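Chemist: First the structure, then my questions, so here it is.
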Amino acid sequence: MKTNSITKIFTLLFAVVALVGCVNDDEFNVPDLSVTEPILDGEVITIDALVDLYLQALNDEADDLGINPNNTAAIEELRDGFTLDLSDNDQFISGFVISSDENGNFFEEIIIQNNASAATTGVRVLIDVSPLFTSYEFGRKVFVKLGGLHIGDSNGVLTLGVGTGLEKIAPPVREEFIRRSTEIATIVPNEVAISDFSEALENTYVKVSNVQFRKEDVVEQSLTYAGEATDQFDGERIVTSCDSNAQTVLSTSTFSSFKSIALPSGRGSIEAVLTRNFFGDTFNLAINNNTAVNFDSEERCDPEVLECEGEAVQGPTTVFIENFSGINDEDELDGTWTNVNVSGGDTRFILDDFNNNNYLRISGFNTDEDPLNVWLVTPAINLDANDGEALSFDIQAAFDNGKILKAFITTSYTGDPTTTEWTQIDANIPSGPSSGFGDFESSGLINIECLSGDLNVGFLYEGADPSATTRYHVDNVRVTAN
1 MKTNSITKIF
11 TLLFAVVALV
21 GCVNDDEFNV
31 PDLSVTEPIL
41 DGEVITIDAL
51 VDLYLQALND
61 EADDLGINPN
71 NTAAIEELRD
81 GFTLDLSDND
91 QFISGFVISS
101 DENGNFFEEI
111 IIQNNASAAT
121 TGVRVLIDVS
131 PLFTSYEFGR
141 KVFVKLGGLH
151 IGDSNGVLTL
161 GVGTGLEKIA
171 PPVREEFIRR
181 STEIATIVPN
191 EVAISDFSEA
201 LENTYVKVSN
211 VQFRKEDVVE
221 QSLTYAGEAT
231 DQFDGERIVT
241 SCDSNAQTVL
251 STSTFSSFKS
261 IALPSGRGSI
271 EAVLTRNFFG
281 DTFNLAINNN
291 TAVNFDSEER
301 CDPEVLECEG
311 EAVQGPTTVF
321 IENFSGINDE
331 DELDGTWTNV
341 NVSGGDTRFI
351 LDDFNNNNYL
361 RISGFNTDED
371 PLNVWLVTPA
381 INLDANDGEA
391 LSFDIQAAFD
401 NGKILKAFIT
411 TSYTGDPTTT
421 EWTQIDANIP
431 SGPSSGFGDF
441 ESSGLINIEC
451 LSGDLNVGFL
461 YEGADPSATT
471 RYHVDNVRVT
481 AN
């Protein structure tokens with residue numbers, strides 16, 4: 001028995017040696033997992049200093065082109081294609097890795113921020129290597145060589161890459177540009193409100209608390225992070241603050257390992273990288289894994305809304321419709337509609353048009369009004385002569401910096417929206433891009449057949465310049481019946 005065992009051991013060892021001997025060095029390299037503090041051949045500057053260099057170069061370019069630095073739209077257009085060449089720079093930046101591609105929600109990029117806690121800025125670094133988490137773990141301090149790179153906006157966030165097109169750093173030179181420190185820090189997220197998202201916080205690790213996913217996504221149905229048939233490249237899920245009703249988007253790659261996990265239906269906190277969507281026009285949250293969504297309460301914070309039994313059906317009878325096509329000025333609505341600023345200012349809904357389509361528009365932009373609360377209320381709509389009534393309207397959102405429009409109904413309108421008892425309705429109020437126009441979207445059919453008497457529909461705009469100025473267009477307010 002001993003002889004047989006020894007023979008088996010030698011046979012196994014021979015097989016292993018033979019197998020290893022058949023592998024060429026360039027096919028099977030065991031990585032050196034040891035890390036030593038790098039010796040850098042240049043000065044280390046902060047990410048903040050790099051951002052200042054970029055912004056100064058951008059301003060110089062604007063000055064050369066005769067662009068007014070206060071012309072935000074022109075500066076943004078210039079920034080979209082502008083990069084700063086760092087070829088002659090012999091400096092490094094240091095930062096802490098806050099992204100991880102271990103679960104597939106990041107790909108061939110690392111996001112680094114300036115501090116492990118209380119971060120004030122960050123930058124994305126594009127690298128043509130996958131995976132990266134084995135070398136650049138979450139919390140790992142790294143040094144990035146600036147010479148040979150460019151910095152500019154890509155997908156709306158500040159990015160380091162190669163050339164004016166911000167291409168990815170090639171694998172053979174990856175370690176030349178990205179140097180690992182021995183330090184792995186504990187990353188402490190910035191606790192912020194959704195309404196406080198800003199350009200300064202992009203590419204930093206944040207935590208939003210007391211938030212939930214939309215009721216229609218997790219209660220009325222059970223959506224996954226990014227596993228639906230309609231999800232292409234990314235699944236985008238609306239996250240709402242229970243404190244302010246502000247909204248943002250959680251974006252998850254359809255290549256992530258957790259894409260098919262159902263969204264939690266309760267509420268709690270999310271830790272994520274603050275970034276932007278593919279087009280660079282709205283803030284997004286990007287998580288490293290689904291455990292970053294910590295919804296530890298089953299209790300939701302949905303507002304009480306009108307609930308008539310049964311599904312709404314659009315009947316053949318039109319009880320009321322207003323598409324504003326027959327008016328030339330919003331003043332013509334006075335006496336039938338209520339259109340009133342209840343916060344002491346002058347701003348209210350005004351008539352506007354595009355492509356021969358009239359609608360009512362409101363925006364807090366450049367109003368200098370804080371707060372800015374405006375009610376738009378329909379005339380009385382009598383419901384007694386019909387049954388099976390349903391309400392709908394169309395809303396377009398633009399230059400979005402937060403959802404600040406709500407819709408209500410009442411059957412006891414006093415003529416003063418501030419003294420009326422209102423019931424909120426579960427209507428779709430769309431989100432729009434931060435620097436352009438969305439599409440008109442339907443509110444969805446809202447069942448109101450349990451109501452009787454005179455109905456008034458109210459739209460409440462709750463803005464504040466400059467923090468809450470989203471522009472809305474209201475059109476096609478309609479009540480139908482059987």
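Taking full-length UniProt numbering, the leading residue of the sequence shown gets 1, the next gets one more, and so forth. Backbone N, C-alpha and C define an ideal beta-carbon position, used for all residues, glycine too. Remember, predicted model here, so these are calculated numbers, not experimental data.
At 3 residues or longer, and completely inside the stretch 276-319: list those beta strand (DSSP E) runs for me, N to C.
Modeler: If we require 3 residues or more, the beta strand (DSSP E) runs fully inside the stretch 276-319 come out as 283-286 and 293-297.
Chemist: Here's the rule: buried if 16 or more other CB atoms are within 10 angstroms of the residue's CB, otherwise exposed. What is L55?
Modeler: That one is exposed.
Chemist: How about the stretch 240-247 and the stretch 216-227: do they share at least three Cβ pairs that are nearer than 8 Å?
Modeler: Short answer: they don't touch.
Chemist: Which residues bound the beta strand (DSSP E) around N357?
Modeler: Per DSSP, N357 belongs to the beta strand (DSSP E) from N357 to I362.
Chemist: Looking at C-alpha atoms only, which residue of P466, S363 and N114 is the closest neighbour of N341?
Modeler: It is S363 whose Cα lies nearest to the Cα of N341.
Chemist: Within the continuous beta strand (DSSP E) that includes T248, where are the two ends?
Modeler: Q247 to S253 is the span of the beta strand (DSSP E), which, as asked, contains T248.
Chemist: Which two residues bound the contiguous alpha helix (DSSP H) that contains L383?
Modeler: Per DSSP, L383 belongs to no alpha helix (DSSP H) and is neither H nor E.
Chemist: Between the stretch 37-50 and the stretch 85-92, are three or more C-beta pairs nearer than 8 Å?
Modeler: Segments in contact, yes.
Chemist: For I98 versus V144, is the C-beta spacing smaller than 7 Å?
Modeler: Contact: no.
Chemist: Do you know how far the Cα of G432 is from the Cα of T480?
Modeler: So the alpha carbons of these two residues sit roughly 28 Å apart.
Chemist: Just to confirm the assignment, what range does the beta strand (DSSP E) spanning A398 have?
Modeler: Taken as a continuous stretch (DSSP letters only), the beta strand (DSSP E) holding A398 covers A390 to A398.
Chemist: Where does the unbroken beta strand (DSSP E) through Q113 begin, and where does it stop?
Modeler: Note, Q113: beta strand (DSSP E), E109 to Q113.
Chemist: Quick check on the burial criterion: 16 or more other C-beta atoms within 10 angstroms. Buried or exposed for residue 531?
Modeler: Absent from the model: residue 531. The displayed extent of the chain is 1 to 482, so no value can be given.
Chemist: Report the residue from N382, E332 and L58 whose alpha carbon sits nearest the alpha carbon of G81.
Modeler: When only C-alpha atoms are compared, the closest one is L58.
Chemist: So with Cβ pairs under 7 Å, would you call R478 a contact of chain D?
Modeler: Structure shown: chain D not included; a single protein chain is present.
Chemist: Where does A15 land, buried or exposed, given buried means 16+ other C-beta within 10 angstroms?
Modeler: A caution first: A15 carries a pLDDT of 41, below 50, which makes its placement in the model unreliable, though a value can still be read off. By the 10 Å Cβ count, A15 comes out exposed.
Chemist: In the structure shown, what three-state DSSP assignment does V211 receive?
Modeler: Strand, per DSSP.
Chemist: Restricting to Cα atoms, I'd like to know which of L285, N373 and T419 is closest to N203.
Modeler: Ranking L285, N373 and T419 by Cα distance to N203 puts L285 first.
Chemist: How far does the beta strand (DSSP E) with D80 in it extend, from its first residue to its last?
Modeler: It is not in any beta strand (DSSP E) - D80 instead sits in the alpha helix (DSSP H) that spans T72 to G81.
Chemist: Could I get the ranges of all uninterrupted beta strand (DSSP E) runs contained in the stretch 188-241, with 3 residues as the minimum, in chain order?
Modeler: Listed in chain order, they are 205-213 and 234-241.
Chemist: Buried or exposed, going by whether 16 or more other CB atoms sit within 10 Å of the CB of D439?
Modeler: Flag for D439 reads exposed.
Chemist: Out of L274, V313 and E307, which one is the CA nearest neighbour of A119?
Modeler: That would be L274, whose Cα lies nearest to the Cα of A119.
Chemist: Pairing CB atoms from the stretch 379-388 with CB atoms from the stretch 352-360, are three or more of them under 8 Å?
Modeler: No, they do not touch.
Chemist: Can you tell me where the alpha helix (DSSP H) with D88 in it begins and where it stops?
Modeler: That residue, D88, is in no alpha helix (DSSP H); it is neither H nor E in DSSP.
Chemist: With C-beta atoms as the reference, is T224 less than 7 Å away from A262?
Modeler: Yes, Cβ-Cβ distance for T224 and A262 is below 7 Å.
Chemist: How many angstroms separate the CA atom of W375 from the CA atom of L460?
Modeler: Approximately 5 Å between the Cα atoms of the pair.
Chemist: Output needed for L333: all residues of its chain with C-beta closer than 7 Å, excluding positions within five of it in sequence on either side, in chain order.
Modeler: Cβ within range, chain order: I327 and N339.
Chemist: List the endpoints of the continuous beta strand (DSSP E) containing V144.
Modeler: From DSSP, the beta strand (DSSP E) with V144 extends over R140 to K145.
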